[in-house]
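If you're matching positions, the sequence shown starts at 8 in this note's numbering and goes up one per residue. Cβ coordinates follow ideal geometry from the N, Cα and C atoms, glycine included. Notes for the one structure printed next.
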Amino acid sequence: MPTDYTETTTTEDLSDVDDIRSKTAGGKRLAYDLTDPFSRMTPMKEAHTPTLRTFALLEHLVAAEGPVSLADIANDVGLPKASLHRMLATLEVGGLVIRAPDHKNAYVIGPRLAQLGLGVMMHSGARRLRHAILSRLVADLGETCNLTMLHGAQVLYLDRMEAPWPLRLDLKPGSHVPVYCSASGKLLLAMQPREQRSAIVRALRLERLTPNTITDAELLDAELDRTAHKRIAVDNEEFVVGIVCVAAPVMDTNDHCIAAIAVHAPVSRAPLSRALEFVPRMQEAARELVKTF
């Protein structure tokens with residue numbers, strides 16, 4: 008078996024899966040724990056085939072909070088720059104990674120990898136668990152609830168559970184809504200690192216959708232500051248006239264906001280003051296939902 012971690016592929020690498028699973032480095036078993044889907048990522052130098060090393064590289068880029076240079080990657084994972092450069096070049100051709108704009112020789116995940124991740128989120132078995140949590144929340148609150156994530160400069164609906172009322176918005180899973188005038192969007196945007204948040208705000212076209220829509224970038228930035236502090240966002244008829252919405256964050260173990268849970272209702276049935284009373288129950292549901300990611 009090669010020990011210099013070059014791109015060499017041998018028959019041994021691919022012919023016997025059981026053998027690959029049982030290989031060790033320094034006497035330590037390195038097999039992925041199939042009973043724990045959230046087990047640690049395998050260090051690249053401990054990945055025993057080119058395919059697994061490439062996957063470990065993608066994991067490294069996904070886990071990074073911003074663009075990562077070739078030198079930084081090499082330093083972090085302990086592999087030669089030449090090998091990493093070849094891997095990154097192949098991934099770049101396939102659209103799995105791209106060169107970061109305004110960063111010389113730095114990489115971020117590409118659109119194809121992002122789309123793959125989105126597909127997994129939308130169609131994985133965990134979706135049934137999320138839908139069950141939303142269903143219980145709707146039963147308790149009596150209003151429509153949804154689960155969303157930030158997707159570029161828009162909000163993506165991962166799941167949605169309608170309350171049994173005749174007045175409703177037709178927003179199915181997979182739908183997108185503006186980030187600047189929806190409760191989920193403002194929350195997800197507010198919880199981003201300041202530099203990333205500012206870049207998104209600068210790129211937004213703040214169209215007035217209702218009389219209450221915030222269309223001034225400075226006012227929006229102040230609203231996002233308040234939202235980040237409170238960790239609660241509101242849509243006071245800013246997206247659709249007559250509809251109010253409240254959103255709470257789904258936080259991971261590192262205190263990163265990975266999604267938003269929201270409830271919305273006609274203002275005639277649930278004014279904003281009443282919708283805010285739903286927050287404690289929404290936060291409880293958020294703690295359940297984080298276990299499904």
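Here R137 is buried: its Cβ has 16 or more other Cβ atoms, across all protein chains shown, within 10 Å.
Pairwise C-beta distances place the stretch 251-267 out of contact with the stretch 207-217, as fewer than three of them are shorter than 8 Å. Residue environment for V69: exposed (fewer than 16 other C-beta atoms within 10 angstroms of its C-beta). With a cutoff of 9 Å on beta-carbon distance, V162 and S189 are scored as near each other.
A contact is defined here as three or more CB-CB pairs under 8 Å, and the stretch 166-173 meets this definition with respect to the stretch 146-153.
Selection A113, A224, L283 and P278 evaluated against R238 yields L283 as nearest (Cα-Cα).
A direct Cα-to-Cα measurement between F62 and A96 gives close to 14 Å. Counted as a single uninterrupted DSSP element, the beta strand (DSSP E) harbouring A113 occupies residues A113 to I116.
DSSP, read as helix, strand or coil, puts H236 in helix.
In this structure D83 is exposed. Its beta-carbon is surrounded by fewer than 16 other beta-carbon atoms within 10 angstroms. The three-state secondary structure of L226, taken from DSSP, is helix. P108 is the residue among A71, S280, P108 and R60 whose C-alpha sits nearest the C-alpha of A206. Per the coordinates, the alpha-carbon of V186 lies some 20 Å from the alpha-carbon of V286. A straight-line Cα-Cα distance of about 5 Å links V75 and A113.
For D166, the enclosing beta strand (DSSP E) stretches over residues Q161 to M168. Our two residues, G73 and H158, have alpha carbons roughly 15 Å apart in a direct line. According to the DSSP secondary-structure assignment, R106 is paired through a beta bridge with Y114. The beta-bridge partner set that DSSP reports for M258 consists of C264. Distance between P273 and D166, taken at the CA atoms: about 20 Å. Note that the C-beta distance between I116 and V104 is below 9 Å. Going by beta carbons, N243 and L194 fall outside the 9 Å limit. Going by beta carbons, A139 and F300 fall outside the 9 Å limit. Cβ-Cβ distances below 6 Å link A81 to K88 and L91 in the same chain, with the five nearest sequence neighbours on each side left out; the list follows chain order. Using a Cβ distance threshold of 9 Å, S191 and A267 count as a contacting pair. Burial is judged here by how many other beta carbons sit within 10 angstroms of a residue's own beta carbon; A240 has at least 16 and is buried. L216: not part of any beta strand (DSSP E); DSSP gives it neither H nor E.
Where T151 is concerned, the enclosing beta strand (DSSP E) starts and stops at T151 to H158. Residue pairing by DSSP places D242 opposite C252 in a beta bridge.
Annotated as proximal: H271 and C252, with beta-carbon spacing under 9 Å. DSSP places P273 within a strand segment (E or B) once states are collapsed to three. CA-to-CA, the gap between L86 and R209 works out to about 37 Å.
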